[in-house]
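Participant: Residue numbers for the sequence shown follow this note's numbering, beginning at 1127 and rising by one.
Using N, Cα and C, we set each Cβ at its ideal position, and we do this for glycine too.
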Amino acid sequence: MTEYRMDEAHAGLALDREVQGVLGKPLDRIDGPAKVTGSATYALEHGLDNMAWGVAITAAIGKGRVTAIDTRAAEKMPGVIAIYAGDAALPRQTPVFGQDRAQPYDGAIESWGEIVGIAVAESFEAARAAARAVIVTCAREDGVFTTHDGADDAFDPQEGALLPNIVRGDINRAMADAAVAIDVNYTTPRQVHAAMEPHGTIAEWDGDRLTLRCSIQIFRMARPVLANSLGIPAEDIRLISPFIGGGFGGKNVSADALLAAVAAKRLGRPVKVALARQQIFHACYGRSDTYQRIRLAADADGRLIGCGQDSLVSQKVGARSFEPVALGAVALYRGEHRSFTTRIAPVNLVAHGPVRAPGEAVGMIALECAMDELARELGLDPIELRRRNEPENDPTTGRPFSSRRLIDCFDEGARRFGWATRERRSEGEWLIGHGVATAARVNFLADSSARVTLSPEGRAIVETDMTDLGTGTYTILAQVAGEALGLPIERVAVRLGDSDLPTGAGSGGSFGAASSASSVALACEDIVAKLAKAMGAAPEDMTLKDGHAIAGNRRVPLGELVGAAPLSAIGTIHPGANNRRFAQATHGAQFCEAWVNAVTGEVRVKRMLGVFDCGRILNHKTARSQAIGGMIWGLGYALHEEAHVDPRSGAIVNRDFGEYHIPANADVPQIEAYFVEEVDRHANPLGAKGIGELGISGAGAAVANAIFDACGVRVRDMPITPDKLLMGLPPI
1127 MTEYRMDEAH AGLALDREVQ GVLGKPLDRI DGPAKVTGSA TYALEHGLDN
1177 MAWGVAITAA IGKGRVTAID TRAAEKMPGV IAIYAGDAAL PRQTPVFGQD
1227 RAQPYDGAIE SWGEIVGIAV AESFEAARAA ARAVIVTCAR EDGVFTTHDG
1277 ADDAFDPQEG ALLPNIVRGD INRAMADAAV AIDVNYTTPR QVHAAMEPHG
1327 TIAEWDGDRL TLRCSIQIFR MARPVLANSL GIPAEDIRLI SPFIGGGFGG
1377 KNVSADALLA AVAAKRLGRP VKVALARQQI FHACYGRSDT YQRIRLAADA
1427 DGRLIGCGQD SLVSQKVGAR SFEPVALGAV ALYRGEHRSF TTRIAPVNLV
1477 AHGPVRAPGE AVGMIALECA MDELARELGL DPIELRRRNE PENDPTTGRP
1527 FSSRRLIDCF DEGARRFGWA TRERRSEGEW LIGHGVATAA RVNFLADSSA
1577 RVTLSPEGRA IVETDMTDLG TGTYTILAQV AGEALGLPIE RVAVRLGDSD
1627 LPTGAGSGGS FGAASSASSV ALACEDIVAK LAKAMGAAPE DMTLKDGHAI
1677 AGNRRVPLGE LVGAAPLSAI GTIHPGANNR RFAQATHGAQ FCEAWVNAVT
1727 GEVRVKRMLG VFDCGRILNH KTARSQAIGG MIWGLGYALH EEAHVDPRSG
1777 AIVNRDFGEY HIPANADVPQ IEAYFVEEVD RHANPLGAKG IGELGISGAG
1827 AAVANAIFDA CGVRVRDMPI TPDKLLMGLP PI
């Protein structure tokens, strides 16, 4: 077993020689055929004998208490097996991120749509009808349904928060002394998780052991929460989730898993529970709205002397986690006077938790639009402004960067986009403009283990409970093992998403690929050492390629070196002192061309281009897909996504895809994504860094800046809809 802690720069791995030639290549996903033929089995697609269906029963108030639950009519309906309601064994809602257990039902209601029970029947239709037939009577109380209404009771982040309040120097003095200062307010709305696959679970008990076929991203975090909530040992819970139809931070322990587990235990048969899309909006956490004050103080040459991003966000009453708005800004630009603070307003709304790129997704919209405003005040090209404010070290902590290629991203992006030759112009009713913005995302490493087994037939099996959200994890782990062991990709099998396997990093925070791939690489190092011993050579003197070992003028099939019994090894990676010694982040440059109709205010994004610095790229095709997906999401944040809350009741009124707008095919333009590749030895043994969340960072700002460039209307209240542009549009 190889166990490694990142306490220093890693010297590199044998696979750095890339003899086999599969690492980094834009290979097709090895799980692609299973997905396009329908043989990939998702959480709700498992067929078990004697399985019942469950549908959640919810309360239609935003604050108050349940006074009565009438189940009599529902219990008499055809196909109904049982109604469990008003029961302390059931969860009130999905556990808030950071809590160690679900809050049990106790009759209190703290946000719209909290769970009060479950209807179980022989079919989904019967269970749904029964859930709707249950009469839940509530006594309403006054609630706090907007962030501003909760502002008087707002509190600071607790000790140990991901982003504590940071104040250095005197931002007010910097603003007063600046040659040019920008002091503006930006807002972003509430946003929800909108994964294609809904939240769903099948629960099955075998004695005291529980198996959940589920859609859960991070097993190592989920099992303790499930165990504490159900009152059973974590080792008695098996999670199976080989395929997930999108997660983005929202597929951790959700209410469906707990409802299914409780109902299955009582009935003594498997139970399947899926949350309806309308329930997901209220029963699963989303992203808080944000109110951001951006202050930028610059000297006459455009060099920042002060930088501030101070925010008001909200969180459900009793929860302490929050949207870390300034996370991307803290280490981004120079300026000795700094203020990055958050106030958290308690509200009676669905809890907020991680949604793709917590902090950066919404924080970079405001910061990067304000940087565009500053560039225009200074008369500087916006890329030149960023160049002049590139710090040598982390400007908040003074730590050196593990790697940083932001300016290279801007240079390459400007060349590919044609930034130097762009021109503001019009075609008929359409006004055409261009925008640019920085992308930044903190980089993490997570504990991760993987087992690699090399068979006498010269085939490898990679096993870890790491999950694949559709990001390409199956493929990149096969590429890492194939490169390390000298095997073609078709001779490597990958098994994921089963908690009986070694504990992986899980998918989330953009740490999954680098962490799990590093553990696979470390396991392969052990196997390579064993092969070298059998070959009678030092590992560094042996070459592995096409299923053979080559050393000392000998070429031997791997199977001969393996012998009669398979060779197996477990690799484990841990974060270490490098997390404290270095500022670790990924960076990028986002470019956009937008057309604005001068008559209707309609916006059409025509081109987007991004260049990203993410360390070593493990597969250029899956990496490009991740970057493009994030950029599309950023476009949606700029133009579409907004959850509307009824301030009288706390209900989200647009709680389905018919009314909650996300980009459709016609909204998405030509998108290009490229990479400036540099192996970051301080990040992990592979030198790779996160990609998935970087693409969304700054993308919305590039769109907003292009819109301003086109029509001269600066919208600071996202999303940018035609009504916000119409009154300021110039005559044509």
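Taking ALA1753 as part of the alpha helix (DSSP H), name the residues at either end of that continuous run.
Facilitator: Segment 1746-1765, the alpha helix (DSSP H) holding ALA1753.
Participant: Less than 7 Å between the C-beta atoms of ARG1718 and ILE1817, yes or no?
Facilitator: Rather than Arg, the amino acid found at residue 1718 in this sequence is Cys. In this structure, ILE1817 does not lie closer than 7 Å to CYS1718 by Cβ.
Participant: Kindly indicate the opening and closing residues of the beta strand (DSSP E) around GLU1338.
Facilitator: Per the sequence presented here, residue 1338 reads as Leu, with Glu not at that position. Per DSSP, LEU1338 belongs to the beta strand (DSSP E) from 1335-1339.
Participant: Do CYS1535 and VAL1805 come within 7 Å of each other at the CB atom, strictly closer than that value?
Facilitator: The answer is no: Cβ separation not under 7 Å.
Participant: Per the contact definition of three or more C-beta pairs closer than 8 Å, is the stretch 1473-1487 in contact with the stretch 1431-1441?
Facilitator: Yes, since at least three Cβ pairs between the stretch 1431-1441 and the stretch 1473-1487 fall closer than 8 Å, the two stretches touch.
Participant: Between the C-alpha atoms of ARG1709 and ALA1660, what's the straight-line distance to the nearest angstrom?
Facilitator: Note that residue 1709 is Ala in the sequence shown here, rather than Arg. Rounded to the nearest angstrom, the two C-alpha atoms are 42 Å apart.
Participant: Assign VAL1293 to buried or exposed, taking buried as 16 or more other Cβ atoms, counted over all protein chains shown, within 10 Å of its Cβ.
Facilitator: The residue is exposed, with fewer than 16 neighbouring Cβ atoms inside 10 Å.
Participant: What do you get for GLY1357, buried or exposed, if any count of 16 or more other CB atoms within 10 angstroms of its CB means buried?
Facilitator: Its Cβ having fewer than 16 others within 10 Å, GLY1357 is exposed.
Participant: Among GLY1428, ILE1858, GLU1583, GLN1225, which one has its Cα closest to the Cα of ASP1507?
Facilitator: Closest option to ASP1507, Cα to Cα, is GLY1428.
Participant: Are three or more beta carbon pairs between the stretch 1736-1756 and the stretch 1670-1688 nearer than 8 Å?
Facilitator: In short, these stretches do not touch, since the Cβ pair count stays below three.
Participant: What span of residues does the beta strand (DSSP E) with ARG1266 cover, start to end?
Facilitator: From DSSP, the beta strand (DSSP E) with ARG1266 extends over 1261-1266.
Participant: Using 10 angstroms around the beta-carbon of SER1249, count the other beta-carbons present and answer buried if the total reaches 16, otherwise exposed.
Facilitator: So SER1249 counts as exposed.
Participant: What residues in its chain sit with their C-beta under 7 Å from that of ARG1525, if we drop five residues either side in the sequence?
Facilitator: The answer, listed in chain order, is ASN1519, ARG1707, PHE1708, ALA1709.
Participant: Note the first and the last residue of the continuous beta strand (DSSP E) segment covering ASP1520.
Facilitator: Looking at the DSSP string, ASP1520 is not in any beta strand (DSSP E), and its letter there is neither H nor E.
Participant: With DSSP as the reference, label GLY1561 as helix, strand or coil.
Facilitator: Strand.
Participant: Suppose contacts are defined by Cβ-Cβ distances below 7 Å. Is ALA1483 in contact with SER1823 by that definition?
Facilitator: Yes. Within cutoff.
Participant: How would you label LYS1881, buried or exposed, when you count the other beta carbons within 10 angstroms and need 16 or more for buried?
Facilitator: With the chain represented from 1127 up to 1858, any question about residue 1881 goes unanswered, as that position is not in the structure.
Participant: Does any C-beta atom of chain B lie closer than 7 Å to the C-beta of ALA1360?
Facilitator: Among the chains in the structure shown there is no chain B, since it carries only a single protein chain.
Participant: Applying the criterion that 16 or more other CB atoms from any shown protein chain within 10 Å of the CB defines a buried residue, is ARG1680 buried or exposed?
Facilitator: Under this definition ARG1680 is an exposed residue.
Participant: Since VAL1722 sits in a beta bridge, which residues does DSSP pair it with?
Facilitator: Beta-bridge pairing links VAL1722 to LEU1557, VAL1729.
Participant: Using DSSP with H/G/I as helix, E/B as strand and the rest coil, what is HIS1274?
Facilitator: Helix at HIS1274.
Participant: Go ahead and pull the three-state DSSP assignment for ALA1178.
Facilitator: Correct three-state label for ALA1178: strand.
Participant: Closest to PRO1848 by C-alpha separation, out of LEU1820, PRO1614, HIS1766, would be which residue?
Facilitator: Comparing Cα positions, the closest option is HIS1766.
Participant: Taking DSSP as the reference, what is the three-state secondary structure of ILE1311?
Facilitator: Note on identity: in this sequence residue 1311 is Asn, with Ile being the wrong assignment. Strand at ASN1311.
Participant: Is SER1165 buried or exposed, if buried means 16 or more other CB atoms sit within 10 Å of its CB?
Facilitator: So SER1165 ends up on the exposed side.
Participant: Specify the secondary structure class of SER1644 as computed by DSSP and reduced to three states.
Facilitator: Here SER1644 sits in helix by DSSP.
Participant: Below 7 Å between beta carbons: does that hold for ALA1257 and ALA1245?
Facilitator: Yes, Cβ-Cβ distance for ALA1257 and ALA1245 is below 7 Å.
Participant: With distances taken Cα to Cα, identify the nearest neighbour of ALA1832 among VAL1222, GLY1539, LEU1557, ASP1362.
Facilitator: Measuring from the Cα of ALA1832, the nearest candidate turns out to be LEU1557.
Participant: Could you give the residue range of the beta strand (DSSP E) that holds PHE1872?
Facilitator: The question about residue 1872 has no answer here: the residues shown for the chain are numbered 1127 through 1858.
Participant: Is the distance from the Cβ of VAL1725 to the Cβ of GLU1553 below 7 Å?
Facilitator: No; because the gap between Cβ atoms is not below 7 Å, this pair is not in contact.
Participant: Three or more C-beta pairs under 8 Å: does that hold for the stretch 1347-1364 against the stretch 1447-1465?
Facilitator: No, the stretch 1347-1364 is not in contact with the stretch 1447-1465.
Participant: Per DSSP, VAL1568 forms a beta bridge with which residues?
Facilitator: According to DSSP, which records beta bridges pairwise, VAL1568 is partnered with ALA1711.
Participant: How about GLY1776 and GLY1269: do their beta carbons lie closer than 7 Å?
Facilitator: Taking 7 Å as the Cβ cut-off, GLY1776 and GLY1269 qualify as a contacting pair.
Participant: Verify whether the separation of the beta carbon atoms of ASP1594 and ASP1624 is less than 7 Å.
Facilitator: No, the pair does not count as a contact, with Cβ atoms beyond the cut-off.
Participant: Cβ atoms of THR1263 and ALA1186: under 7 Å apart, would you say?
Facilitator: Cβ atoms of ALA1186 and THR1263: not closer than 7 Å.
Participant: Taking DSSP as the reference, what is the three-state secondary structure of GLU1768?
Facilitator: In this structure, GLU1768 counts as coil in the three-state DSSP scheme.
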